[in-house]
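Undergrad: I have a structure I would like to understand better, so I am pasting it below and will then ask my questions one at a time.
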Amino acid sequence: MAGGARGGRSRPRASVAWSAIEGDLRAGDDEALIAGVDEVGRGPLAGPVVACAVVMPPAAPPIAGVADSKRLPPAERERLARLIRTAAIGVGVGAASAREV
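Position one of the sequence shown corresponds to residue 1 (UniProt numbering), numbered consecutively onward.
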């Protein structure tokens, strides 16, 4: 585990942690649908926020290259977005203004 910048807390590697969590959520139900959710904004109550949820088929293989979108070049983000939309069971995107938040 690598040390985190926030108060010295350690964070597990994402792939290991999420794999274990996904296994727990499925709990013997190989057809369970699990949504991956992420948001982007400018801090708590400081600006608008956009959130997205994606549900992939339970047996879908991982899509190579999916990572933190802020670290991907724009062309790669667009390419991955097309692959995700094509493979996904469902995609939802929502936005809220600072006032709504």
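Every residue gets a Cβ at the ideal spot worked out from N, C-alpha and C, and that includes glycine.
May I ask you to report which of helix, strand or coil DSSP gives residue 35?
TA: Position 35 of the sequence shown, counting from 1, holds the residue named residue 35. It is a strand residue.
Undergrad: Skipping 5 residues on each side, what residues in its chain have a beta carbon closer than 7 Å to that of residue 46?
TA: The count along the sequence shown starts at 1 and reaches residue 46 at position 46. Excluding sequence neighbours, residue 46 sits near 98.
Undergrad: Rounded to the nearest angstrom, what separates residue 94 and residue 84 at their Cα positions?
TA: The count along the sequence shown starts at 1 and reaches residue 94 at position 94. The count along the sequence shown starts at 1 and reaches residue 84 at position 84. Straight-line Cα distance between these residues: approximately 17 Å.
Undergrad: For the alpha helix (DSSP H) containing residue 81, name the first residue and the last one.
TA: Within the sequence shown, residue 81 is the residue found at index 81, counting from 1. Its alpha helix (DSSP H) spans residues 74-87.
Undergrad: Pull up the distance between the alpha-carbon of residue 75 and that of residue 37, whole angstroms please.
TA: Here the question's residue 75 lines up with position 75 in the sequence shown. Here the question's residue 37 lines up with position 37 in the sequence shown. Looking at the two C-alpha atoms, the distance is approximately 22 Å.
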